[in-house]
Every structure is written in structure tokens, then in C-alpha cells.
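K.L.:
In this note's numbering, the protein residues as written are 1 to 543.
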């Protein structure tokens, strides 16, 4: 059964997930509503007639329907129904066209957080529009039209004379729990939470009417079942100079809004509490980027006092080498209305340097940037680790490049990850760009390389990766860039991380001279052996 106290939202959207996101944002802002989704024209027209939504939220472009057609169809059936277009992107010309066609507002899906505010604003505009039309119709003597607008209005409407109910609509009855028979002819005092509020509202509202012609106040109504409602009451006399002709009123239930406002206050209190104990620095700025709030951690990291950090004073704590670039980037991001992020240093009064990473995001209200909220996190430890690691790598590269032996590393797939200077010199390459990323067998065994990760099951590198054991090979042949082969002796060791082999590192030396000496020795030995065997004299060796 439909709950008449709930807002009714009709979504025209082909993606259920987009509706889920919209519903989540609306409920986060305290809106209470029921909703349905349609994505075809027939479903939309049927929903307008049967569901009778208080507001329509439509996608701009769908496979079988579009938002502009839905807007036209909606206005043909109900010209007053509030209509918001929700789209993935929209240029200025399209936005103007939508508004001219009759859309109350449009929301970019990227900024879905503003949807609740757009809905509230459109409903408020709709309420004002309904109030204005109700006042105009009440001036007429056409009872049939009066009753029609009474029944159709989504807000409570009525007429009082000397604060005695003369007429009320169904919405007002539903809101308070009383029937028209129980209200007509009775004093309005019966629906106020207290007699004091009844008296104070009368004094304030009629005072406004005397001064401005209309009166609006926030007060509380007590329903028949005892529930207390927060309401916004607006009143306009039929004749300002003769209140005995009657005063029309509209009643908007703002109970949920009040709850949302209280929740917001609680949220702000929570923000302040969390900021006080946060392990990261927190800051807030106005729309021009000037700091208006910093938490204790921010002051600790920057070495500033609150007064020194406000406005642009925080820049004084930034290291002089980082200050200019950071200030330029920050101002450009504010001008472009985008998120801002940077790594920079604080130079504290005691001379200590603190590295931080800062990030700030726009704070939006009604799709307008009212400021930025950001954090700074101490990354000094990380920076020191990075510097130490960088220094260690530099030391390693210097060591490798000072070696006479060729050295190279490969990943688990055999692709070359680094080489030293001797590797390039021995094999005839000009620079490491010629070899990095290539398979090591393509570089040094290319006469036998067939493109597979391991040319054969006997591949020695494969055995290193599989057995996790180092090997020494004294009779390997490597091929140079120019196609010449050289004999080498090499040593290969697995690289192990967390108990898993992730590659290997190897060193090798050119043993061409050794091989030539071995060959010369074998030739010499063979020569003298033949001479010895062919000599006729007797030779012997005395030990």
C-alpha cells in the first residue's frame, strides 16, 4: 500500500545500477520516498497515470527512449510535475535547451552528490509554485477548481477566518490524521503542539502579513495520534485590508529536513572530533583557497600556530625550494575547480624537514564550490627509504660497471633486465637500449634461438630457475652482435624473493685467450709426441 507521507519519485533510466546510486545519495541526505524505474515510453506514461510521482528524474539518453521526449510526454499529462534530467555529460547549449523545454534542473552523473539538493530545490520551487497558484485560485469563486487544486496539491492547503478552519485539503487531513469534518469550524489551536506555539505563531505570522502581505514561520503540529510534526507554514490573506475575508495557508512537512539538519550538526561535531584525534593533518579552505581551519596534527607537521596557518600563511612553512611550484599548482587547481595533490616539504622552525603528501577535494553545495577539504600525511619515512634504496642501487650499478666481467640479469621468463658496461663491450653492443627487454638467448645464443622461452630442456638458465641452485659453466659459447662466437666461462645464481625464484643474475668472462693457449698446447704436445715416436735412438727419463 502506498504511504501518502512518502515522496514519490519516478526514475526514467535504463541502468538499474544508476538508479541505485541515485537512491543511495538521496537517502544519505535524509529524503524519505518510494520510487519505481521505467525505461520505455509506454511504461513511463503508465507510471505517470498510476504512480502519480511527486518528481521525475530522467536519464538524458537511453537505447529506446530519451529524456527530452519524456519531458514532453510528462508535461502533456501533468504540466506541473517537477522534472530533473540526470545525464553523463551535458554542454551548455544542451542544458539551455533542456531548461527552455521545461526541465526544472539537470544533474551530471559525475556529480551525483548534488542530486538531493537539486531535488529539494526543485520541490521547494514546486511548492512555491503550488502556493502561488493556490492563492490565485482561492481568490476565485469557482468551488470546483478550488477543490480540484486542494486534492491535487502535494502540500497541506487550507483557508481560515479568524484562525478558524473554513477549508482544508486531503493532504492536510492525511498529514494531521484528522478528517475534514473534525477540522472545519474548529480553532487551529487544536493542531498545534502547545498553546504557547499557537499564540506565538499567530503574533509572528500576522505581524508579517501586516508588514509584507504574507507570513511564513516554522512551528510544530500535533497530529491526532500524538505525533509531532515540524512544519513550514505560509499564509496569505485573500484581502490584506480585510482579514475577515479569509487567510489561505500552506503546510509543508519538514520533519525529515529537521532530522537531516540535526544529523548534519551531529556530523559536523563528529568531523571536529575526528579532526582532533586524526593521525593525518586536516585543513579546510574557502572558495579562494585561503585556509580557514587546520587540526592539531597539521600544526604539528608544519610547525605553525593556528593563526600562522590561516589564509596563505601556511606557505611560509613550505620549503623554499618547493614553495613556488606548490603555490602555482594550488592556485591553478582552484581556478580550474579540480582536485589538488602534491608531495612537498615543510621546513620547521627547528630546522627539521618533514615530507608530506597533500590532497584536497572541492566541497560542493548546490553544485557550487564553497571551499576545499584536504589532508596532509607524513611520508618522511617513505622518502628516506626511497633515498636509501636509490643510493643502494647506485652503489650496485657502480660496482657492476667497475667489473671486468660481463654481468646481466633476467626475469623468470628469461627477459633481460639489466647489463653492465663489460657485457656491452665484450659482446659488441653500443648501449643497454639494444638489449633490455629482449630474451637473453636471442642476444647470446641467437644462432640457435627459436623464439621459445627456453630453447631446450637442457637450457642451463632453465635449470637454475627450476632447481634454485647456482651453476658454473666453463665451456659455454656466446654470440656477439656482429655474429662472431666467443668462448666464455660463466656463473649463474638464482634471484629469490619470499622463497620464490623471480629470475637470475650471471657473470661471464671471455676465455678466448685461454682456449687459444689450450689449442696451442695441444698442437705442441702432438708435435713433440710424433717427433719422439719417430726417433730411432733410445730415450729414457731418470726420476
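Glycine residues also receive a C-beta, built at the ideal position from the N, C-alpha and C atoms.
With residue 10 and residue 53 assumed to form a contact (beta carbons below 8 Å), what rounded beta-carbon distance in angstroms separates them?
P.N.:
Here the question's residue 10 lines up with position 10 in the chain shown. Here the question's residue 53 lines up with position 53 in the chain shown. Rounded, the Cβ-Cβ distance is 4 Å, consistent with contact.
K.L.:
Report yes if the CB atom of residue 222 is closer than 9 Å to the CB atom of residue 182, and no otherwise.
P.N.:
Sequence index remark: in the chain shown, residue 222 carries index 222 (1-based). Sequence index remark: in the chain shown, residue 182 carries index 182 (1-based). Not in contact: residue 222 and residue 182 (Cβ atoms no closer than 9 Å).
K.L.:
I need the boundaries of the alpha helix (DSSP H) containing residue 444, first residue and last residue.
P.N.:
Here residue 444 corresponds to residue number 444 of the chain shown, with the count starting at 1. Note, residue 444: alpha helix (DSSP H), 440-444.
K.L.:
In whole angstroms, what separates the C-alpha of residue 401 from that of residue 438?
P.N.:
In the chain shown, residue 401 corresponds to position 401, counting from 1. In the chain shown, residue 438 corresponds to position 438, counting from 1. In a straight line, the C-alpha of residue 401 is about 20 Å away from that of residue 438.
K.L.:
I need the straight-line Cα distance from residue 106 to residue 373, nearest angstrom please.
P.N.:
Position 106 of the chain shown, counting from 1, holds the residue named residue 106. Position 373 of the chain shown, counting from 1, holds the residue named residue 373. Distance between the alpha carbons of residue 106 and residue 373 is about 26 Å.
K.L.:
Taking only three categories from DSSP, how would you classify residue 201?
P.N.:
Translated into positions along the chain shown, residue 201 becomes position 201. In this structure, residue 201 counts as helix in the three-state DSSP scheme.
K.L.:
Around the C-beta of residue 441, are 16 or more other C-beta atoms found within 10 angstroms, so that it is buried, or is it exposed?
P.N.:
The residue given as residue 441 occupies position 441 in the chain shown. Buried: at least 16 other Cβ atoms inside 10 Å.
K.L.:
Enumerated in chain order, which unbroken segments of the beta strand (DSSP E) with a length of 3 residues or greater are wholly contained in the stretch 263-325?
P.N.:
If we require 3 residues or more, the beta strand (DSSP E) runs fully inside the stretch 263-325 come out as 281-286 and 291-294.
K.L.:
Pairing CB atoms from the stretch 330-347 with CB atoms from the stretch 359-373, are three or more of them under 8 Å?
P.N.:
Contact between the stretch 330-347 and the stretch 359-373 is present, because at least three Cβ pairs lie under 8 Å.
K.L.:
Which same chain residues, not among the five before or five after residue 456, have their C-beta less than 6 Å away from its C-beta?
P.N.:
Reading the chain shown from its first residue, position 456 is the one you call residue 456. Only weak support exists for where residue 456 lies, its pLDDT of 43 falling under 50; the coordinates are left without a value.
K.L.:
Which residue spans inside the stretch 452-533 form an unbroken beta strand (DSSP E) run of at least 3?
P.N.:
You should have 471-479, 485-497 and 500-510.
K.L.:
Tell me which residues share the same chain as residue 91 and place their Cβ nearer than 6 Å to its Cβ, disregarding the 5 neighbours each side in the sequence.
P.N.:
Against the chain shown, residue 91 aligns to sequence position 91. Within the same chain, residue 91 has no close Cβ partners at all.
K.L.:
Within 8 Å, do at least three Cβ pairs link the stretch 289-301 to the stretch 391-406?
P.N.:
No, the stretch 391-406 does not touch the stretch 289-301.
K.L.:
So the alpha helix (DSSP H) residue 397 belongs to, where does it begin and stop?
P.N.:
Position 397 of the chain shown holds residue 397. Segment 380-402, the alpha helix (DSSP H) holding residue 397.
K.L.:
Out of 81, 202, 307 and 211, point me to the one whose CA is closest to residue 290's CA.
P.N.:
Here residue 290 corresponds to residue number 290 of the chain shown, with the count starting at 1. Among 81, 202, 307 and 211, the Cα nearest to that of residue 290 is on 307.
K.L.:
May I have the straight-line CA-CA distance separating residue 321 from residue 379, to the nearest angstrom?
P.N.:
By 1-based counting over the chain shown, the position of residue 321 is 321. By 1-based counting over the chain shown, the position of residue 379 is 379. If you take the alpha carbons of residue 321 and residue 379, they lie about 18 Å apart.
K.L.:
In this structure, does DSSP put residue 237 in helix, strand or coil?
P.N.:
Locating residue 237 in the chain shown gives position 237, counting from the first residue. Of the three classes helix, strand and coil, the one that applies to residue 237 here is strand, per DSSP.
K.L.:
The alpha helix (DSSP H) that contains residue 423, what's its start and end?
P.N.:
Translated into positions along the chain shown, residue 423 becomes position 423. Taken as a continuous stretch (DSSP letters only), the alpha helix (DSSP H) holding residue 423 covers 421-427.
K.L.:
Taking the beta carbon of residue 397 as the centre, do at least 16 other beta carbons fall within 10 Å, making it buried, or is it exposed?
P.N.:
Here residue 397 corresponds to residue number 397 of the chain shown, with the count starting at 1. Counting Cβ neighbours within 10 Å, residue 397 comes out exposed, since fewer than 16 surround it.
K.L.:
Taking only three categories from DSSP, how would you classify residue 223?
P.N.:
Here residue 223 corresponds to residue number 223 of the chain shown, with the count starting at 1. If DSSP states are grouped into helix, strand and coil, residue 223 belongs with coil.
K.L.:
Nearest to residue 384 by alpha carbon, out of 366, 356 and 363?
P.N.:
Locating residue 384 in the chain shown gives position 384, where the first residue counts as 1. For residue 384, the nearest C-alpha among the options comes from 356.
K.L.:
Residue 450 by DSSP, collapsed to three states: which one?
P.N.:
Walking along the chain shown from the start, residue 450 turns up at place 450. Residue confidence for residue 450 is low, a pLDDT of 49 falling below 50, so the modelled location carries little weight; the figure read from the coordinates is stated next. DSSP places residue 450 in coil when its eight states are reduced to three.
K.L.:
Just to confirm, are residue 509 and residue 404 a CB contact at a threshold of 9 Å?
P.N.:
Along the chain shown, read from residue 1 onward, the residue named residue 509 stands at position 509. Along the chain shown, read from residue 1 onward, the residue named residue 404 stands at position 404. Their beta carbons are under 9 Å apart, which means residue 509 touches residue 404 by this criterion.
K.L.:
What do you reckon, are the CB atoms on residue 249 and residue 158 nearer than 9 Å?
P.N.:
In the chain shown, the residue the question calls residue 249 occupies position 249. In the chain shown, the residue the question calls residue 158 occupies position 158. Yes, Cβ-Cβ distance for residue 249 and residue 158 is below 9 Å.
K.L.:
Using only alpha-carbon positions, find the residue among 47, 122 and 279 that is nearest to residue 85.
P.N.:
Here residue 85 is taken as the residue at index 85 of the chain shown, counted from 1. Per the Cα distances, 122.
K.L.:
Using the beta-carbon count (16 or more within 10 Å), is residue 518 buried or exposed?
P.N.:
On the chain shown, position 518 is the one that residue 518 refers to. That one is exposed.
K.L.:
Taking the continuous beta strand (DSSP E) assigned at residue 409, which residues delimit it?
P.N.:
Position 409 of the chain shown holds residue 409. That run of the beta strand (DSSP E) goes 406-411.
K.L.:
Nearest to residue 119 by CA position, among 286, 240, 27 and 522, is which residue?
P.N.:
Taking the chain shown and counting its residues from 1, the one referred to as residue 119 is at position 119. Taking only the C-alpha atoms, the option nearest residue 119 is 27.
K.L.:
By alpha-carbon positions, which one of 166, 512 and 466 ends up nearest to residue 495?
P.N.:
By one-based count along the chain shown, residue 495 stands at place 495. When only C-alpha atoms are compared, the closest one is 466.
K.L.:
Tell me whether residue 166 sits in a helix, a strand or coil according to DSSP, three-state version.
P.N.:
Against the chain shown, residue 166 aligns to sequence position 166. Three-state result, residue 166: strand.
K.L.:
Would you call the stretch 17-26 and the stretch 233-249 in contact, with 3 or more CB pairs under 8 Å?
P.N.:
No: fewer than three Cβ pairs fall under 8 Å.
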